[in-house]
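Numbering (the UniProt record's numbering), first residue to last: 1 to 710.
Set out below in structure tokens:
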């Protein structure tokens, strides 16, 4: 907060209001703190009915001070409570604490405090609560709407939309549920003042959000340069060398910080490697969206209290985490846009004079960028399939997400995203118990979506320019956010012509070798699928226990950097496996054997990705080492599997393609089978083959997947 305040103020508030605002600022930031000009202007505007204010200011400027001061004034004047829409639990926890420092009674309703909901809602109804913080997803919950929003109707004092760039589908973090904010406002009281805040909105996003708020929106936009940040790009490292670079440099980086990765797998693997090399000398932990709320809270507190050197995190630790003395942010892989990158590095250096920010790019990042460019864009054919699935429910019957997943063959995450997008367009609606059609037609807006994808690809080009160091790094970030005050910073690696201390280009060869050994020795479990997909497959529901495989093992998980060159060689052209893969397969079985349901007796190769020589070679090698028999599983198909096949289509393909003959039945009868599979991302080849083998008489199937593709 110290960066956010100075001695300049402006008399835009009446005397009583000014005194209340001053008291709030002192409570938050300490004696002598005063409102900035723009802060005072925003607070003054929000004291008027139907006000619309959009604040676009750098991280640490003091955006939250605006809504706490405005809330205190409005509550003093008899207005109802403030509703704050925030994106992440970490932000909500920090905001509740900040509100309480400002003398306000605040609470949050989220998935981590279900037991407290009724008490909080009682406090809201009785007028004892000044601030309620919720996620945008909560606004879409019918039960929350009935219990809470309906009771706030006509009595809401202020609506705050934090991280408001997520309202715009032009923003780097578009979230469909944010679009419900305008519906909530109309439902409650259009005269309620609205404040939207963000640190990461370029001109197009700013204009879009302002237009959604209303024609009279007051936009307060300031310079976005962060003088405490020293930016650097460490280029020309392989994915494995990037891991080693982080391990090599962590002890030397100032204070504690965050190491961002692009994927959950990278975060978990890098954290494990750091712990294996440094042990308790340099404590780190992986922080991803897979963690539950209690685990996230515990890790956030450990970093805040400097009990961890770093969190190795995905973007799940993005918006909202507040540690003012964060000393460094390192990115292992480049985010897809300069806007999202600016948002993440903004965690550092908020209340200290100097923080290191380093980006370790790779040419492999481009594939992740392309995924993010299209991930939130609806696929026309998939939407039509989903709507057809919904059409099967009539007379008020509601469809659940699992039912629609089975009905359509689409992945559950995709179903959930499309339902939210269709709800924003008014085509479907959510009720307590499921989803239904509204009767409104849906039209695929191809020009709009094509323009969004083109914009995101242009942003990726800006990140390429950033990683090449074409000009001052801070200036490029500011320009990408349409900051007219952008100028060369004089301290980044481009301006200096070198990496700042203590950064070096290359990690030590010793660390690279250590990391390779450590990561190749990790155990990756292949959990069996438990449900048949329905749809084109036909069968739906739980897979019988006597048809399921045991939990399997994976040699190479996703884009594992320690295997990158080996995988490129092994899966470039089908051929006999390289010795490294044969050795890794033997080592994997050696670590696995303590948890076998029974020692394997027969080895069978399943070339699910078409690499028959590779798969057969590994199966034969394991059979020779382990003194196993071998057997053939015929695969015969008159069609190719489509690259975009649904779960149901893929499962049906393998059901129809795998043949079980008399010889195979004789080979597996009452025996444990080691099933060697070359590559898969879905696991359906393993699931269906195991069902065939168990039905043929195998007492157990132990799957060994060479490459679990991302």
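Heads up, the beta-carbon is just placed ideally off N, CA and C, and yes, glycines get one too.
Item                                                                                                                            : Value
Proximity of residue 422 and residue 385 at Cβ, strictly below 9 Å                                                              : no
DSSP-derived helix/strand/coil call for residue 697                                                                             : coil
Cut-off 7 Å between Cβ atoms - residues of its own chain near residue 685, not counting five sequence neighbours on either side : 606, 608, 654, 677
Segments of 3+ residues assigned as beta strand (DSSP E) that fall wholly inside the segment 506-581                            : 524-526, 531-533, 540-542, 552-557
Bridge-paired residues (DSSP) for residue 331                                                                                   : 260, 359
Residue nearest to residue 39 in terms of C-alpha spacing, selected from 29, 62, 58, 20                                         : 62
Cβ shell of residue 505 (< 7 Å), same chain only, five flanking positions each side left out                                    : 234, 499
Euclidean distance between Cα positions of residue 147 and residue 100                                                          : 25 Å
Nearest-angstrom Cβ-Cβ length linking residue 153 and residue 189, presumed shorter than 8 Å                                    : 7 Å
Supposed contact pair residue 515 and residue 218 - C-beta distance, whole angstroms, cut 8 Å                                   : Not really, about 52 Å apart at Cβ, beyond 8 Å.
Which listed residue (93, 104, 484, 48) has its alpha carbon closest to that of residue 24                                      : 104
Residue 532 to residue 648 span [Cα, whole Å]                                                                                   : 8 Å
Distance, residue 512 Cα to residue 271 Cα                                                                                      : 15 Å
From 630, 252, 301, residue whose alpha carbon lies closest to that of residue 278                                              : 252
Meets three-Cβ-pair contact criterion under 8 Å: the segment 191-208 and the segment 112-127                                    : no
Segment limits, beta strand (DSSP E) that includes residue 437                                                                  : 434-437
Where residue 632 sits in the DSSP three-state scheme                                                                           : coil
Integer-rounded CB distance, given that residue 82 should sit under 8 Å from residue 160                                        : 6 Å
Inter-residue Cα distance where the pair is residue 324 and residue 313                                                         : 18 Å
Backbone secondary structure at residue 221 - three-state DSSP                                                                  : strand
Beta-carbon gap between residue 660 and residue 615 smaller than 9 Å                                                            : no
Cβ-Cβ separation, residue 242 to residue 315 (assumed contact under 8 Å), whole Å                                               : With 8 Å as the limit, residue 315 and residue 242 do not qualify as a contact, their Cβ atoms being about 17 Å apart.
For residue 397, three-class secondary structure by DSSP                                                                        : coil
Same chain, Cβ closer than 6 Å to residue 11, neighbours up to 5 away in sequence not counted                                   : The predicted position of residue 11 is uncertain, since its pLDDT is 44 and thus under 50; no value can be drawn from it.
Between the CA atoms of residue 519 and residue 269 - distance to the nearest angstrom                                          : 7 Å
Residue 602 to residue 669 span [Cα, whole Å]                                                                                   : 10 Å
Nearest-angstrom Cα separation, counted from residue 628 out to residue 86                                                      : 58 Å
Residue 184 versus residue 679: straight-line alpha-carbon distance, rounded                                                    : 47 Å
Limits of the alpha helix (DSSP H) - the one that residue 649 falls within                                                      : 647-657
Boundaries (first-last residue) of the beta strand (DSSP E) holding residue 368                                                 : Here residue 368 belongs to no beta strand (DSSP E); instead the alpha helix (DSSP H) covers 365-374.
Residue 287 - DSSP class collapsed to helix/strand/coil                                                                         : strand
Cβ of residue 259 within 9 Å of any chain D Cβ                                                                                  : In summary, chain D is missing from the structure at hand, where a single protein chain is found.
Beta-bridge pairing of residue 703 - partner residues as DSSP gives them                                                        : 675
Enclosing alpha helix (DSSP H) for residue 620 [first to last residue]                                                          : 612-626
Buried versus exposed, by CB contacts within 10 Å (16 or more), residue 625                                                     : exposed
Integer-rounded CB distance, given that residue 585 should sit under 8 Å from residue 526                                       : Actually they do not touch by this definition, with Cβ atoms about 14 Å apart.
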